[in-house]
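When we follow the numbering used here, the leftmost residue of the sequence shown carries the number -2, and every step to the right adds one.
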Amino acid sequence: MRRSTTETAGPVETEALAGELARSLGPGDVALIAGELGSGKTTFVRGACRALGVREPVTSPTFTVGQVYAGERAGEALEIAHLDLYRLATLADEEPGVLDDYLTAERIAFVEWPAVGEPAIERVAARVEIAHAGGDLRRIEIA
Ligand code: ADP
Ligand code: MG
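Rendered as structure tokens:
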């Protein structure tokens, strides 16, 4: 498995790195984004979404498990799913299909706090781990 570690010095660099990853993903691919609160998971997803043509605001879903943005690539419409499983203690408590509502074969998906959903997620194309490295520095590992 290919693995890279990058240190970013601010949100703009994190967004640019995310954009590079996003351009390598295709429909049906899921990227898992792990890291503690405030590490920059949503910032990373925002950068990925911008690179995939999403113009609307990209923020962590608050009252739902996820949201779907309209993006585009090479003039073709492309949907992007953004999930945050932070409040999902177990999947068993939820509708069994809660992830399937968002993760479809046509969409590229980004999942924050992925641990609880990981066993149920097929087609994991990338695992991203973001760690604080002092101040605005973040160490970002992409596998
Ligand atoms: P999370 O989704 O992991 O809780 P957010 O992306 O919502 O994190 O917030 C990260 C915060 O850290 C933002 O306020 C962002 O501006 C700030 N920040 C500072 N340095 C960086 C960096 N190198 N990469 C990403 N975010 C950074
Ligand atoms: Mg977040």
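Every residue gets a Cβ at the ideal spot worked out from N, C-alpha and C, and that includes glycine.
Using 10 angstroms around the beta-carbon of residue i, count the other beta-carbons present and answer buried if the total reaches 16, otherwise exposed.
i      : result
ASP81  : buried
GLY7   : exposed
ARG104 : buried
THR39  : buried
PRO54  : exposed
LEU34  : exposed
ALA78  : buried
VAL108 : buried
GLY32  : buried
GLY63  : buried
Excluding the five sequence neighbours on either side, which residues of its own chain have a C-beta within less than 8 angstroms of the C-beta of residue i, listed in chain order?
i      : result
GLY16  : GLY44, ALA45, ARG47 and ALA48
ALA130 : GLU4 and ARG136
VAL42  : ALA15, ILE30, VAL55, HIS79, PHE107 and GLU109
Between which residues of its own chain and residue i is the CB-CB distance below 6 angstroms, once the five residues before and five after are set aside?
i      : result
ALA19  : ALA45, ALA48 and LEU49
ALA24  : Note that residue 24 is Pro in the sequence shown, not Ala. So the qualifying residues of the chain are GLU103.
ARG124 : LEU29 and ALA140
GLY37  : THR11, ILE127 and ARG135
SER1   : ILE139
LEU85  : VAL113
PRO58  : GLN64 and ASP81
Going by alpha carbons, who is nearest to residue i out of the options?
i      : options                        : result
GLY68  : SER1, ALA106 and VAL113        : ALA106
VAL51  : THR87, VAL65 and GLY114        : VAL65
THR61  : LEU14, ARG120 and ASP98        : ASP98
LEU100 : GLY132, ARG70, VAL27 and ALA74 : VAL27
Grab me the residues of residue i's own chain with a C-beta within less than 7 angstroms of its C-beta, minus the 5 sequence neighbours each way, in chain order.
i      : result
TRP110 : ASP81, LEU82 and TYR83
GLU115 : LEU29
ASP133 : ALA6 and GLY7
ARG120 : GLY25, ASP26 and VAL27
How close, in whole Å, do the beta carbons of residue i and residue j come, if the pair is a contact with beta carbons under 8 angstroms?
i      : j      : result
LEU22  : ALA122 : 6 angstroms
ILE118 : LEU88  : About 10 angstroms; that fails the 8 angstroms criterion.
> Around the ligand MG, which residues pass a check of Cβ closer than 7 angstroms to any of its heavy atoms?
Replying inline: With 7 angstroms as the limit, the residues whose C-beta approaches a heavy atom of the ligand MG more closely than that are LYS38, THR39, SER57, ASP81 and GLU109, in chain order.
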